[in-house]
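Positions 179 to 506 (our numbering) are the ones given, in order, by the sequence shown.
Quick reminder that beta carbons are idealized off the backbone N, C-alpha and C, glycines included.
Written out below as structure tokens is the structure these notes cover.
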Amino acid sequence: MLGMIDPSVIEEIRTTLGMDKHCQIVQNDTPHDNRPDIVLKGSGTTVFVDIKTRASVDAISRLALISRLARDAEGEVKIALAVKSISDDLLGLAESAGIRVIMLSRGACIDLIEKKVSRDRLKITTDKSWRIISRLLQERPTSVRSVAMAEEVSYGWAHAVIQYLIEKGIAERNGNRVDLVNMDQLINGISWERPFKKLIVKDIRTDIDDVFNGAREIGRTFAGPLDEHAFTGHMAGSLYTGQAIRFDRLQIYLPENAIRSFEDIYATKDGSGVTIQVLIPDREVWMKARTVDGIKIVSPAQTLLDLASMGYGATELTRAMVKSFADL
């Protein structure tokens, strides 16, 4: 349970924000929901603040969601993260999301707040967690035990992941059945936790002028028994959903030892055609790959994960994948 926040910490935050000492302060004593730790309300300005010892991707993602939920609030709304420590990468991420970072003094007493830490440590995009979530999508609603048995994971781990989703407002329990109820929040969490650009090891410019013909050509080249490849992202999403979207990039998983030969064949210095983004898998992606219309693509679960990781640019396809996921 989240305890009351030390008044000296609130005063430090208020002073840093330049808020009047008579501003209204509201504390959240219910963990695991979509409300910030404290809300400061001044004349015409409302500031939502989360407090952490050390910044995390999850904390920034949570505040980004709170920011969207707060768009209808009256007056000017600001979002802030108060921390004792933050890395350069996360500082840049926070700034790009419009989140003000407040550096607390090292001696600030925030132990009561940090009892929410278990929420921040669980990741939804690891292989084992994502198998549980994709099984929930496939068989919604279902039970924790059914998910654990279908994915051959321990009941305890399945329960931990599903409880996390419930606490985040992504899933709801009805008796012994669980269903996913907030897909936008799930997609948002994925894009923050597993940014797609970090998987890309090469952007290759080519003279290929059609994404579908190009994908089939690549498939013929990498069709040997020892060759592995699978397209993901826009190509896989459009083939699974039938969505007619325009795209001029291909995303492909390759083993690391195949990248050099792939680049030798397809890279052109002044290529004006399709750009191919080469990715090295962060998990096993070959065994469940499928061939659709002569093109080898990753599984529906992997496709959905990758599309969600791509963020805003793939929103339409991501939602289409969610809608049709149970039938794929």
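I need the DSSP call for residue i, collapsed to helix, strand or coil.
i	result
F400	coil
I510	Nothing can be reported for residue 510, as the shown portion of the chain is limited to 179 through 506.
K375	helix
S450	coil
A336	helix
I229	strand
I277	strand
I264	coil
L290	Confidence at L290 is low in this model, with a pLDDT of 44, below 50, so the placement of that residue should be treated as unreliable; the coordinate-derived value is given next. Here L290 sits in coil by DSSP.
V187	helix
I302	coil
F440	helix
N354	coil
T384	coil
L432	coil
I458	coil
Q202	strand
I423	coil
V217	strand
E494	helix
A258	strand
K474	strand
A467	coil
Out of the options, state which residue places its alpha-carbon closest to the alpha-carbon of residue i.
i	options	result
V456	C287, E254, K376	K376
L195	A258, F400, F390	A258
S283	I229, A401, R468	I229
G402	K501, D387, A436, P319	A436
S245	G222, N352, N366, S477	N366
S369	D471, T419, T304, H337	T304
D460	F440, K447, Y431	Y431
F390	E494, I188, I423, I264	I423
D215	K301, L482, I188	I188
K306	P319, I340, R278	I340
Y418	M465, G449, E462, S477	S477
P433	M413, S416, F409, K447	F409
M488	R438, G220, L428	L428
E462	D448, I264, T481, R318	T481
V204	T224, T193, L483	T224
N352	R438, S239, R318	R318
H200	G220, N360, G415	G220
F440	R323, V379, S332	V379
E395	G472, I302, E190	G472
E350	K447, Y333, M413, V322	V322
R278	K447, I191, G334, N360	I191
Would you grab the beta carbon distance between residue i and residue j for me? Rounded to a whole angstrom, and I think it's under 8 Å.
i	j	result
R355	E329	Their Cβ separation, rounded to whole angstroms, is 17 Å, which puts R355 and E329 out of contact at 8 Å.
I348	L358	6 Å
Q363	F503	About 17 Å separates the two Cβ atoms, so there is no contact after all.
R213	K262	Rounded, the Cβ-Cβ distance is 22 Å, inconsistent with contact.
E371	D267	E371 to D267, Cβ: 13 Å. No contact.
G222	E254	6 Å
I280	A260	4 Å
A326	A338	At roughly 11 Å, the Cβ-Cβ gap does not stay under 8 Å, so A326 and A338 are not in contact.
A498	Q421	5 Å
L483	G415	Contact doesn't hold; Cβ gap of about 11 Å is too wide.
Could you give the distance in angstroms between the alpha-carbon of residue i and the alpha-carbon of residue j?
i	j	result
I458	I288	40 Å
I311	D442	39 Å
L218	R468	52 Å
A445	L271	32 Å
A242	F400	41 Å
V470	R398	14 Å
A492	D198	42 Å
A393	K474	8 Å
L506	E406	23 Å
P373	L495	17 Å
V227	G285	19 Å
R256	S186	With the sequence shown as reference, residue 256 is identified as Lys, and Arg is not the correct amino acid for it. Cα to Cα, the separation comes out at about 21 Å.
L314	Y342	13 Å
S274	I264	15 Å
E426	D387	Correcting the residue type first, residue 426 is Asp in the shown sequence and not Glu. Cα to Cα, the separation comes out at about 9 Å.
K501	L404	35 Å
T193	L269	21 Å
M179	K346	Residue confidence for M179 is low, a pLDDT of 32 falling below 50, so the modelled location carries little weight; the figure read from the coordinates is stated next. If I take the Cα positions, the gap works out to 15 Å.
Y490	D184	38 Å
W464	G411	15 Å
T320	K466	23 Å
S332	L300	16 Å
R438	M361	38 Å
I302	S234	14 Å
Any heavy atom of the ligand GTP closer than 8 Å to the Cβ of residue i?
i	result
L506	As presented, the structure is devoid of all ligands, the ligand GTP included, so that no description of it is given.
*For the stretch 446–453 and the stretch 382–391, state whether three or more C-beta atom pairs, one from each stretch, are separated by less than 8 Å.*
By the Cβ test, the stretch 446–453 is in contact with the stretch 382–391, since at least three Cβ pairs between them sit closer than 8 Å.
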